[in-house]
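Here is the structure we will look at, set down as structure tokens.
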Amino acid sequence: MEALQRLDRRWLYAALILVILLPLVKPLGIPLRPRSWTVQAFEAIEAAGPGDAVLLSLDYQVSGAPDIHPQTEAIIRRLMEKGCRVILVAFVDQGAQFAIDLARKWEARGKKYGTDIVVLGFAPGVEAAISAFARDVAAVFPRDVRGNPISELPAMKGIKTARDFKVIGDLATGIPGPAEWIRQVKTAFPEVSLVGNVVTVMGPQTLPYVQSGQLAGCMIGLRGAAEYEVLAKQPGQAVAAMDAQSMGHLMIILYIILGNLAYLATRRKKGSRA
Amino acid sequence: MRKEIPMAVASICGFLVLINFFFEKALPFTKGWVDTLQNWGVVVSAFAMGLAAVNLVFIHARHIARRSPGWYNSLALLVAMVLSTVSGIVFYAAPKAAWAAGLRSLWTYLFNGLLKPLGAAMFSTLVFFIASAAFRSFRARSVEAAILLGAGLIALLGAAPIGELISEAFPRASNWIMDVPNVAGNRAIIMGAAIGAVALGFRILLGIDRPYIGGE
Amino acid sequence: MLMLLFAVGAIWYFMQRARRGQVPTVRPIAGLQATAEAVGRATEMGRPVFYVPGRTEINTAGAAQTLAGLEMLGYVAELSARYEVPLRTAVAAPTVLPVAEEMVRQGYPRGGEPGLYRPEVVPLPSSAQVAFAAGCLDIMHREKVGAAFLIGEFQAESLMLAEGAAQVGAIVISGTARTFQIPFFVVASDYTLIGEEIFAAGAYLSGDRDRLGGLAGQDWTKILAVALMLVGAILVTFGQQAIVRFLSW
Numbered sequence: 017m018e019a020l021q022r023l024d025r026r027w028l029y030a031a032l033i034l035v036i037l038l039p040l041v042k043p044l045g046i047p048l049r050p051r052s053w054t055v056q057a058f059e060a061i062e063a064a065g066p067g068d069a070v071l072l073s074l075d076y077q078v079s080g081a082p083d084i085h086p087q088t089e090a091i092i093r094r095l096m097e098k099g100c101r102v103i104l105v106a107f108v109d110q111g112a113q114f115a116i117d118l119a120r121k122w123e124a125r126g127k128k129y130g131t132d133i134v135v136l137g138f139a140p141g142v143e144a145a146i147s148a149f150a151r152d153v154a155a156v157f158p159r160d161v162r163g164n165p166i167s168e169l170p171a172m173k174g175i176k177t178a179r180d181f182k183v184i185g186d187l188a189t190g191i192p193g194p195a196e197w198i199r200q201v202k203t204a205f206p207e208v209s210l211v212g213n214v215v216t217v218m219g220p221q222t223l224p225y226v227q228s229g230q231l232a233g234c235m236i237g238l239r240g241a242a243e244y245e246v247l248a249k250q251p252g253q254a255v256a257a258m259d260a261q262s263m264g265h266l267m268i269i270l271y272i273i274l275g276n277l278a279y280l281a282t283r284r285k286k287g288s289r290a
Numbered sequence: 418m419r420k421e422i423p424m425a426v427a428s429i430c431g432f433l434v435l436i437n438f439f440f441e442k443a444l445p446f447t448k449g450w451v452d453t454l455q456n457w458g459v460v461v462s463a464f465a466m467g468l469a470a471v472n473l474v475f476i477h478a479r480h481i482a483r484r485s486p487g488w489y490n491s492l493a494l495l496v497a498m499v500l501s502t503v504s505g506i507v508f509y510a511a512p513k514a515a516w517a518a519g520l521r522s523l524w525t526y527l528f529n530g531l532l533k534p535l536g537a538a539m540f541s542t543l544v545f546f547i548a549s550a551a552f553r554s555f556r557a558r559s560v561e562a563a564i565l566l567g568a569g570l571i572a573l574l575g576a577a578p579i580g581e582l583i584s585e586a587f588p589r590a591s592n593w594i595m596d597v598p599n600v601a602g603n604r605a606i607i608m609g610a611a612i613g614a615v616a617l618g619f620r621i622l623l624g625i626d627r628p629y630i631g632g633e
Numbered sequence: 004m005l006m007l008l009f010a011v012g013a014i015w016y017f018m019q020r021a022r023r024g025q026v027p028t029v030r031p032i033a034g035l036q037a038t039a040e041a042v043g044r045a046t047e048m049g050r051p052v053f054y055v056p057g058r059t060e061i062n063t064a065g066a067a068q069t070l071a072g073l074e075m076l077g078y079v080a081e082l083s084a085r086y087e088v089p090l091r092t093a094v095a096a097p098t099v100l101p102v103a104e105e106m107v108r109q110g111y112p113r114g115g116e117p118g119l120y121r122p123e124v125v126p127l128p129s130s131a132q133v134a135f136a137a138g139c140l141d142i143m144h145r146e147k148v149g150a151a152f153l154i155g156e157f158q159a160e161s162l163m164l165a166e167g168a169a170q171v172g173a174i175v176i177s178g179t180a181r182t183f184q185i186p187f188f189v190v191a192s193d194y195t196l197i198g199e200e201i202f203a204a205g206a207y208l209s210g211d212r213d214r215l216g217g218l219a220g221q222d223w224t225k226i227l228a229v230a231l232m233l234v235g236a237i238l239v240t241f242g243q244q245a246i247v248r249f250l251s252w
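Here it is in structure tokens:
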């Protein structure tokens, strides 16, 4: 057991890679039950009907994208199905490029840019920019990312402040995140329906805001995207990745147990020597 | 005056935002001033990015000039910086110009072809750090560490669908841990940190602490 | 607003008391007590000290943590100068860069070695999260740092930095008020400052009377908050919404 203490970490990494890869090749089909906070998020977004404007703020970088971009894809797919107006914005520089790529993708699927989907772009300043945007959308984004004045875009008709959006969804990997949106938007416009979608590691800190009612719901990480896909009856890439995530979790648990067994064996040996 | 002017600016701007937050209805004229300040903040942040770029160029140019170990990485960084800056500016400044199409596709290639996969790859190395930390340091050295360990194991099993397959108790226990002790602990730390931030803000507004001009 | 006024009033009152000589006693905080030990150990090993004052801008809600990290950077710079051990600082935010440079530039003369400062002591590897983490890991592994201080607001890179420092054998002192990173720091670091302990760092390490007095004011505000919660919970249990209505006013 003490030999485990000296085990080269690369064996651990190799075993982990193998165990995560196998379910991607041969899925196990482990059932998935949506959690309450995802159901709340789903219901909040479902409240948007045909023609309603929904704002999605893609506040994430490429590093966190594998954990959160599937959520964005799942939400937009559902909103497009319902005929909502999707307005994409970013207060993190890299988020704007994800928004541009998504708009292009939905244009290729027959949706009309400017009517069904709009990308306003990126505004620097983090929380100050969110505050300014919430009070006057056109002041921060007089034009969209393609240079069109937003006053001329059908999707932006009637949108002056944050309260004009039926639902606001923040997708975040850090700062700005739900806390910043609550401070700057929910506090100023309590009637706004705000959904906070975060990466897995931010989940525990975001849930108190769901409990207090400041967030209408929350989707957490890749599992949140998978749960949303299940609720929307549109299983996709997130659901497919769940088996690999399950096996990865089991391996980490195994490593924790092995590490503790090795530690206990070493401590017992030191105790018997003393 | 080198210290007094920044202190005065910080104090006046801070008190103005505070007064506007609480007394906007009674003093509606403060809204315009605060909106202007916030817009200035957005502009200053944008210029600060330029400052960061200058710092990067300065440091990496020195590496290249001195042929420090790994200087070719600095050269790659500067080339990537120039390419992405030029193509990115064109992308946003001339979105409809046909002549800029080549540079726009370069920008798209740099983002989708290089930045996204590199960023995802680097982020995915986190799993190896987690594995290393799980094996090396997640040990039940004390009662508190054992409680942390137990809660972590339950949360891990509750978070993944396989936990539910093993036993219904795992997601229930995990949800309880997330809803009760986790929320309680989070709220306590958030409140303590918020009060600490109020105290720090108060000291900065009064000029007692001046970290924005280097402390003293 | 009443809570804010109480907090400010309490902080002001205890600051005045501290100025008159009634300085409050602060409980020992292991991570802060270990600061000098960590820098000393790096000196003995002949390896540099590495400091990261968080990753967020100075104009965000995390600014308080960043400023707390910068305060402690000044102290660590002073210690590094006194022990004549090299200091490496990495910042991720452009707005933090000039402040960090100034903290280090002023810390060195206080430690008696003004000539030690060089601009490359405070590089900005990148503003992007993983690029910054990669840059820090490169510094830590290439220079084999002996002590690593990670004080401020961090995100997913927290575990990378803490575990990366531990892998090179450095003593790791970390601290953040970002609750979802605290568990990673607790697991991977030798000492962790939890929550508002990082705000107490400046007061604790400097021994400044005003700041120590401010700590007492903060604690009384917390006591009031806890009292309101307890009384409110009891009243709500019996159907009385008075405290809830008062706080929602």
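Residue numbers (the numbering used here), protein chains in the order written: chain A, 17 to 290; chain B, 418 to 633; chain C, 4 to 252. For glycine and all other residues, C-beta sits at the position ideal for the given N, C-alpha and C.
Secondary structure at residue 418 of chain B: coil, using DSSP grouped into helix, strand and coil. In this structure, the alpha-carbon of residue 159 of chain C lies about 8 Å from that of residue 217 of chain A. Each of A:265, A:187, A:142, A:190 was checked against the Cα of residue 457 of chain B, and the nearest Cα belongs to A:142. By the Cβ rule, the segment 552-566 of chain B does not count as touching the segment 229-246 of chain A, because fewer than three pairs are nearer than 8 Å.
Among the residues of chain A, those whose CB is under 8 Å from the CB of residue 576 of chain B are 216, 239, 265, following chain order. Note that the C-beta distance between residue 26 of chain C and residue 212 of chain C is below 8 Å. In this structure, B:571 is the residue among B:491, B:597, B:602, B:571 with its C-alpha nearest to the C-alpha of residue 587 of chain B. With three or more CB-CB distances shorter than 8 Å, the segment 35-46 of chain C counts as touching the segment 200-210 of chain C.
Leaving aside the five residues that flank residue 437 of chain B on each side, the residues in its chain whose CB is nearer than 8 Å to its CB run, in chain order, 444, 447, 448, 450, 451. Under the three-state reduction of DSSP output, residue 121 of chain C falls in the coil class, being neither helix nor strand. Taking a beta-carbon distance threshold of 8 Å, residue 29 of chain C does not count as an interface residue toward chain A. Following the DSSP letters along the chain, one finds residue 100 of chain A in no alpha helix (DSSP H), marked with neither H nor E. Excluding sequence positions up to five before and after residue 80 of chain A, its CB lies within less than 6 Å of the CB of 189, 215, all in the same chain and listed in chain order. Relative to the Cα of residue 173 of chain C, the nearest Cα in the group C:13, C:28, C:51 belongs to C:51.
Only buried fits residue 156 of chain C, as 16 or more other CB atoms lie within 10 angstroms of its CB. Ranking C:107, C:230, C:130, C:163 by CA distance to the CA of residue 108 of chain A puts C:130 first.
Beta-bridge pairing by DSSP links residue 213 of chain A to A:187, A:235. For residue 588 of chain B, the secondary structure class from DSSP, reduced to helix, strand or coil, is helix. Taken in chain order, the complete alpha helix (DSSP H) segments of 4 or more residues contained in the segment 161-222 of chain C are 185-191, 200-209. For residue 75 of chain A, the pairing in a beta bridge is given by DSSP as A:188. The beta-carbon of residue 25 of chain A is placed less than 8 Å from the nearest beta-carbon of chain B. In the structure shown, the three-state DSSP call for residue 23 of chain A is coil.
Look at residue 202 of chain C: its C-beta is under 8 Å from a C-beta on chain B. Under the Cβ criterion of 8 Å, residue 21 of chain C is not counted among the residues facing chain B. Its chain contains 231, 235 as the residues whose beta carbon lies nearer than 8 Å to that of residue 250 of chain C, once the 5 sequence neighbours on both sides are disregarded; these appear in chain order. Listed along chain A are 46, 47, 48, 49, each with a C-beta nearer than 9 Å to that of residue 581 of chain B. The C-beta distance from residue 183 of chain A to residue 106 of chain A rounds to 17 Å, too long to fall under 8 Å, and the pair is not in contact. Taking all protein chains shown into account, residue 489 of chain B has fewer than 16 neighbouring C-beta atoms within 10 Å of its C-beta and is therefore exposed.
Under DSSP, residue 91 of chain C takes part in a beta bridge, and its partners are C:53. For residue 537 of chain B, the closest of A:31, A:124, A:110 by C-alpha to C-alpha distance is A:110. Rounded to whole angstroms, the gap between the alpha carbons of residue 474 of chain B and residue 149 of chain C is 28 Å. Under DSSP, residue 150 of chain C forms a beta bridge with C:52, C:174. One finds 533, 536, 537, 540 in chain B with Cβ atoms closer than 9 Å to the Cβ of residue 81 of chain A, taken in chain order. Within the model, the alpha-carbon separation for residue 493 of chain B versus residue 477 of chain B is close to 10 Å.
Restricting attention to C:57, C:80, C:82, the CA atom closest to the CA of residue 71 of chain C is found in C:57. For residue 135 of chain A, the uninterrupted beta strand (DSSP E) segment begins and ends at 133-138.
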